[in-house]
Amino acid sequence: MTDKQMAMRRLQQADFVLLEAGMYLNGYPTCMEALAYFEEAKKAAKAARCAYEEAYGPLTLSSAGGETCFDWNKSPLPWEWEAN
Amino acid sequence: MFIYDRKLQYPVKIKTPNPALAKIIISQVGGPDGELAASTRYLSQRFSMPNRNIAGMLTDIGVEELAHVEMISAIIYQLTRNLSPEEIKRAGFDTYFVDHTTGVYPQAASGTPFTTAYIGVKGDVLADLHEDLAADAAITNAQLAKSALQKNSKYRDFAFWMFALAFSSLQSHKCNRS
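Those protein sequence lines, which keep their order, are chains A and B.
Mapped onto this note's numbering, the consecutive letters of the first sequence carry residue numbers -17 to 66.
Mapped onto this note's numbering, the consecutive letters of the second sequence carry residue numbers 901 to 1078.
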């Protein structure tokens, strides 16, 4: 597995943990344990996203840009074989 | 408002294209118990939910279902890469190919186009939540049918893909997380 694939896997895992914790909190909004877990998950997801985007390019429009050429459409799209 | 996150929820990397499999798995995109039906159901029902918690939850779930539509569509896309005319014919993919080539068209395995006749939106909290439960039960039944199918070696590949990829990918992801 390449470094890029590893970085993406880490982000996918972290985002999934965050999403599931959020779903749980929808049902149990005052669960202190879950709230603490959510805070940790949020930090991990943010770190994994920053690590990926700094090395391999933007994942959301708000992190896209470029000095002379827009970088939003430079990387393969998520469903491409090469992107996974 | 929706913001696109340029990644799949779970990676899809299919080494060997298999159009015969694609013909079956397409049902998980646009079939009666597919991801598009699930997503459309939740995202349409949420507006008339009297309880903000439920409306918010339906929103979150409906959005996640959209990510599943994208994942399963990616599976179809990759299963149908670089096909020769012979492969298309041999796999029985010709009946799909004649209308859609290798485009990902939301349809059931039978060829029936996706339709919102698969879902119910009544604007009534009990009716809509009952419909959600019924849809969930249909998916659970489908999973049981597919695990029964899996015991028959002839269909093991189909069953494995349908069961493992379409439904359990998120579960395995949960188990794999560190």
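Cβ coordinates follow ideal geometry from the N, Cα and C atoms, glycine included.
Pairing residue 1009 of chain B with residue 924 of chain B gives a Cβ-Cβ distance under 8 Å. Closest in alpha carbon position to residue 1016 of chain B, among B/1025, B/969, B/1023, B/938, is B/938. Membership of residue 32 of chain A in the alpha helix (DSSP H) is indicated by the continuous run 14 to 38.
Residue 970 of chain B reaches chain A at 60, 61, counting residues in chain order whose Cβ is nearer than 9 Å. In the pairwise beta carbon analysis, the region 14 to 32 of chain A is classified as not touching the region 961 to 973 of chain B: fewer than three pairs are separated by under 8 Å.
Spanning the alpha carbons of residue 947 of chain B and residue -17 of chain A requires a straight line of approximately 43 Å. Cβ atoms of residue 979 of chain B and residue 922 of chain B come within 8 Å of each other, at about 4 Å. Looking at the backbone, the Cα of residue 1041 of chain B and that of residue 927 of chain B are separated by about 15 Å. Here the region -13 to -4 of chain A lies against the region 906 to 918 of chain B, with 3 or more beta-carbon pairs under 8 Å apart. By the rule that beta-carbons nearer than 8 Å mark a contact, residue 905 of chain B touches chain A.
Spatial neighbours of residue -1 of chain A in its own chain (CB-CB distance under 6 Å, excluding positions within 5 residues in sequence) are listed in chain order as 23.
In the structure shown, residue 985 of chain B adopts helical secondary structure according to DSSP, grouped into three states. Residue 1013 of chain B is bridged by DSSP to B/1007. Look at residue 909 of chain B here: in three-state DSSP terms it is coil, with no helix or strand label. Within its own chain, the residues whose Cβ lies closer than 8 Å to the Cβ of residue 37 of chain A, once the five positions on either side in sequence are excluded, are -15, -14, -11, listed in chain order. In this model, residue 940 of chain B and residue 992 of chain B are separated by some 30 Å (Cα to Cα).
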